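K.L.:
Here it is: the structure, laid out below.
Protein chains: 2
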Amino acid sequence: MSDHSQVFVGLNAVILAVTEEEPRILTLRRGDHSVAFPENQKPDPTPAELVDALPFGPLDPARDRTLELALRAWVREQTGIEVGYVEQLYTFGDRNRDPREREGGPRVLSIGYLSLCHEDSIAGGGQARWRPWYDYLPWEDWRGGRPAILERHLEPALDSWIQDAEDRRAAQLRRERIDIAFGLGGAPWDGYRVLDRYELLYEAGLVREAVRDRGATEAAGEEAAAPRLGRPMCFDHRRILATAVSRLRGKIKYRPVVFELLPPTFTLLQLQRVVEALAGQPLHKQNFRRLVEKGGLVDGTGKLSAGTGGRPAELFRFRRVVLRERPTPGVGLPALPEH
Amino acid sequence: MSDHSQVFVGLNAVILAVTEEEPRILTLRRGDHSVAFPENQKPDPTPAELVDALPFGPLDPARDRTLELALRAWVREQTGIEVGYVEQLYTFGDRNRDPREREGGPRVLSIGYLSLCHEDSIAGGGQARWRPWYDYLPWEDWRGGRPAILERHLEPALDSWIQDAEDRRAAQLRRERIDIAFGLGGAPWDGYRVLDRYELLYEAGLVREAVRDRGATEAAGEEAAAPRLGRPMCFDHRRILATAVSRLRGKIKYRPVVFELLPPTFTLLQLQRVVEALAGQPLHKQNFRRLVEKGGLVDGTGKLSAGTGGRPAELFRFRRVVLRERPTPGVGLPALPEH
DNA sequence: AACCAATATGCTCAGTTTGAGTATAAATAG
DNA sequence: CTATTTATACTCAAACTGAGCATATTGGTT
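Sequence order for the protein chains is A and B.
Here our numbering is used: the first residue of the first sequence is 90, the next is one more, and so on.
Here our numbering is used: the first residue of the second sequence is 90, the next is one more, and so on.
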């Protein structure tokens with residue numbers, strides 16, 4: 090076996106918890122083009138260029154029996170967090186996703202994982218920080234109605250990207266993709282196309298990562314003019330995050346994963362707020378209650394929660410046996426109303 | 090960067106086409122513990138131990154800009170097939186998934202891909218063969234009613250696996266998992282849990298791969314006694330196939346991927362047969378027609394198909410604009426009737 | 001020519017699910 | 001004591017779904 094086919098394999102984790110009705114991910118700060126494998130978490134030499142990054146750890150082929158065990162091991166070591174629910178997302182292997190490859194570094198593959206944590210287990214973290222995932226993807230949060238950033242920045246910028254197309258056909262193609270991804274031109278907004286949207290913005294050069302990857306040869310002035318849609322991240326970490334959001338939004342429909350983010354007992358409103366936080370859209374309260382109760386997803390405990398402002402709510406727990414009863418127990422999301 | 094963290098990365102492809110109402114995958118024959126990287130497709134020295142294998146190719150970090158390009162390249166080189174639709178499935182990295190690791194070989198990671206081909210593009214293939222995927226997973230095909238293999242072989246074997254559990258609690262746990270995965274004990278059969286089922290059978294030692302992986306130290310007599318549930322495959326290739334089936338069955342519900350398997354125009358029965366083949370369950374003809382027509386998935390062409398035995402059917406084509414209209418255009422599958 | 005087998009297509013109908021809203025109950029704050 | 005807030009129960013129409021009947025159009029048989 091020749092050496093040329095060897096690559097370096099790392100694992101990236103989107104570690105998620107929902108606190109104060111916000112989905113938050115664990116992020117580190119680090120230099121974008123600097124040490125990628127923080128064996129000692131050494132701080133970056135050039136603080137001006139620090140960027141948010143997903144936690145990262147190498148696969149140690151000698152030690153780690155499985156990929157998932159590898160992930161659990163270094164997450165524990167780096168952050169002290171003992172992750173529960175873990176799911177593989179996607180393997181990212183484009184050349185130059187790690188910029189040091191350009192300077193002769195090895196080809197770096199990254200396997201993305203999603204981990205769900207209960208709110209109370211987020212104590213540790215070391216240098217890590219919990220940040221709302223909508224800081225990185227602000228156009229995905231429709232809980233307060235259509236995000237203003239869409240009309241104010243995103244749509245005009247996408248429009249001029251369409252104008253910039255080579256010819257009429259290319260422009261038509263761009264228009265088509267944008268309409269479907271962003272629910273424009275009469276198309277509905279599809280909450281699951283998170284990755285499509287991010288990739289389109291990247292392609293259109295509307296996220297800082299795109300400008301960065303096209304080479305730092307441009308003038309500083311030009312770079313400053315580049316739009317800053319959402320908080321940027323290291324490497325392709327925002328793409329990994331977008332993958333995680335897509336996956337999770339899809340999955341809550343047919344698997345009871347939400348409960349991995351909740352304490353053992355909770356009120357129905359708490360549950361609803363978590364689902365809304367993930368889905369990025371508001372839900373009809375009474376219908377949501379009907380869905381989870383009649384759907385057999387939860388069981389009342391008879392106990393009441395401490396006052397949350399109004400009438401006390403009953404505490405519920407996840408009804409595990411639902412798995413035996415229905416093939417796809419989850420919370421279906423309604424289509425967003427047209428505008 | 091230390092050398093110990095380097096691994097060998099390969100790509101496995103589940104290349105699928107539906108012909109004669111059967112979903113078929115492209116397979117090679119090769120020695121189970123022999124050369125894993127068929128640079129020259131060299132035939133195996135010990136024909137007695139030949140097993141079916143998924144097409145495989147290495148990632149060449151120097152040449153391949155992206156993983157998908159790598160896949161397309163070696164599939165073209167090896168089989169002459171120019172794949173269209175391609176989708177990444179999962180990355181498999183358990184130690185010893187390639188048995189040569191035991192003898193000091195490098196850690197081998199495999200990234201599984203799913204590719205969908207039109208029926209007419211399956212000419213080439215070289216030494217490769219198209220084989221029905223239900224040869225490998227016969228318990229997944231419910232088109233002719235509940236598969237006999239379930240009652241005849243699978244359920245008794247799973248029952249005795251439950252009996253073999255350490256203690257009552259462990260047995261209870263096994264019972265629970267089996268009921269949910271195989272729709273026993275009142276639970277419904279869930280067509281999407283293909284991977285769950287395969288992994289359970291593997292764990293219970295009911296597929297040949299499990300016997301093989303536990304070491305070839307056992308007597309030949311014992312091995313012969315091992316059940317042969319479905320046609321075995323090389324390494325963990327059947328697991329990859331199970332992942333592909335799971336993914337595809339899930340996806341046809343919300344994305345119009347079926348059309349990747351059909352010619353440009355087709356009759357509604359043809360379309361139905363393909364969906365049935367993938368889902369492994371029969372569908373109600375009139376309702377299916379209503380679903381795809383009212384759902385805006387297809388457009389009539391006005392032309393009629395050559396007689397297929399009865400009244401000629403209208404030819405339809407995929408209605409691409411449906412993507413602009415509905416967020417999740419696909420063919421929802423009904424629950425299978427209880428027994 | 002009449003009839004049968006096979007497939008295609010149109011339509012009905014009841015049961016369920018879904019989206020939206022009204023009404024009432026039980027707590028706290030002033 | 002009243003306004004406010006949250007919880008919970010119930011209603012109603014529209015849409016969707018599962019199941020089946022009925023009719024249409026072909027080729028082959030008698």
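Beta carbons are placed, not taken as given, at the ideal position from N, Cα and C, and that holds for glycine.
Remember, predicted model here, so these are calculated numbers, not experimental data.
#1: Determine the chain B residues that contact A:V363 at a beta-carbon separation under 8 Å, and present them in chain order.
#2: With 8 Å set as the bound, which would you pick, yes or no: does the beta-carbon of B:Y179 sit closer than that to a beta-carbon of chain A?
#3: Taking a Cβ distance cut-off of 9 Å, strictly less, list which residues of the stretch 268-282 of chain A are near chain B, in chain order.
#4: Could you tell me which whole alpha helix (DSSP H) segments of length 4 or greater appear in the stretch 248-335 of chain B?
#5: Any beta carbon from chain B within less than 8 Å of A:T332's own beta carbon?
#6: Any idea which residues DSSP pairs B:L139 with across the strands?
#7: By DSSP's criteria, B:F97 is part of a beta bridge. Which residues make up the other side?
#8: Helix, strand or coil: how does DSSP classify B:I104 here?
#9: If we cut at 8 Å on Cβ distances, does A:D183 have a partner in chain B?
#10: So B:R413 contacts chain A; which residues on that side make the cut at Cβ distance below 9 Å?
#11: Write down the C-beta distance between A:G233 and A:Q370 rounded to the nearest angstrom, noting that I regard them as a contact closer than 8 Å.
#12: Measuring only the C-alpha atoms, how far is B:G244 from B:G274?
#13: Among the residues of its own chain, which have a CB less than 6 Å from the CB of B:A402, if the five just before and after it don't count?
#14: Less than 7 Å between C-beta atoms, sequence neighbours within five positions excluded: which residues of the same chain meet that for A:A270?
#15: So A:L156 contacts chain B; which residues on that side make the cut at Cβ distance below 9 Å?
#16: Just by C-beta distance, which residues in the stretch 96-114 of chain A are closer than 8 Å to chain B?
#17: For a contact defined as C-beta to C-beta under 9 Å, what are the partners of B:L148 on chain A?
#18: Where B:V296 and B:P236 are concerned, what is the direct C-alpha to C-alpha distance, given to the nearest angstrom?
#19: DSSP puts A:V175 in a beta bridge; with which residues?
#20: Please confirm if B:P416 has its CB atom under 8 Å from at least one CB of chain A.
#21: Report yes or no: do three or more beta-carbon pairs, one from the stretch 144-162 of chain B and one from the stretch 177-185 of chain A, lie closer than 8 Å?
#22: Using the C-alpha atoms, what's the distance from B:L337 back to B:L100?
#23: Would you kindly check if the distance between the Cβ of A:I341 and the Cβ of A:W222 is under 8 Å?
#24: Excluding the five sequence neighbours on either side, which residues of its own chain have a C-beta within less than 6 Å of the C-beta of B:V96, listed in chain order?
#25: For B:V420, which of helix, strand or coil comes out of DSSP?
#26: Hey, A:P418 and A:G384 are a contact pair by Cβ (cut 8 Å); roughly how many whole angstroms apart?
#27: If we require 4 or more residues per run, which alpha helix (DSSP H) segments fall completely within the stretch 388-420 of chain A?
#28: By how many angstroms is the C-alpha of B:D187 removed from the C-alpha of B:V98?
#29: For B:W219, report the span of its beta strand (DSSP E) as first-last.
#30: Could you say which of A:Y291, A:R165, A:A333 and A:H326 lies nearest to A:L74 if we only look at CA atoms?
#31: On the premise that B:E349 lies in contact with B:Y225, defined as a C-beta separation below 8 Å, what is that separation, rounded to the nearest angstrom?
#32: In the DSSP assignment, find the beta strand (DSSP E) that holds B:F145 and state where it starts and stops.
#33: Since I believe A:R406 is in contact with A:D354 (beta carbons under 8 Å), could you give me their beta-carbon distance rounded to a whole number of angstroms?
#34: Name the chain A residues whose beta carbon is nearer than 8 Å to that of B:A259?
P.N.:
Taking the structure as given:
#1: Near A:V363 there are no residues of chain B at all, since even the closest Cβ is about 22 Å away, more than 8 Å.
#2: yes
#3: D268, I269, G272, G274, G275, A276, P277, W278, D279, G280, Y281 and R282
#4: 257-271, 283-292, 297-302 and 309-314
#5: No, A:T332 does not count as interfacial toward chain B.
#6: B:G120
#7: A:Q95 and B:V197
#8: strand
#9: yes
#10: Simply E265, D268, I269, G274, G275, A276 and P277.
#11: Going by Cβ atoms, the distance from A:G233 to A:Q370 rounds to 10 Å, so no, they are not a contact pair.
#12: Looking at the sequence provided, one finds Glu at residue 244 of chain B rather than Gly. Cα to Cα, the separation comes out at about 11 Å.
#13: Cβ neighbours of B:A402 beyond the five flanking positions: T356 and S394.
#14: R282, D285, R286 and L289
#15: T180, F181, G182, D183 and L198
#16: If the cut-off is 8 Å between Cβ atoms, the stretch 96-114 of chain A has V96, F97 and V98 near chain B.
#17: Neighbours of B:L148 in chain A, taken as residues at a C-beta separation under 9 Å, are given in chain order as S94, V96, G182, R196 and L198.
#18: 17 Å
#19: A:S204
#20: yes
#21: yes
#22: 19 Å
#23: Not in contact: A:W222 and A:I341 (Cβ atoms no closer than 8 Å).
#24: Correct list, in chain order: R196 and L198.
#25: coil
#26: Right, their Cβ atoms sit about 7 Å apart.
#27: 411-414
#28: Linking B:V98 to B:D187 through their CA atoms gives a straight-line distance of about 12 Å.
#29: R218 to P221
#30: What is shown of chain A runs 90 to 428, which leaves residue 74 of chain A out entirely.
#31: Not a contact, Cβ separation roughly 21 Å.
#32: F145 to P147
#33: Residue identity check: residue 354 of chain A is Thr in the sequence provided, not Asp. About 5 Å separates the CB atoms of A:T354 and A:R406; that is less than 8 Å, so the two are in contact.
#34: Correct list: empty, because the minimum Cβ distance to chain A is about 18 Å.
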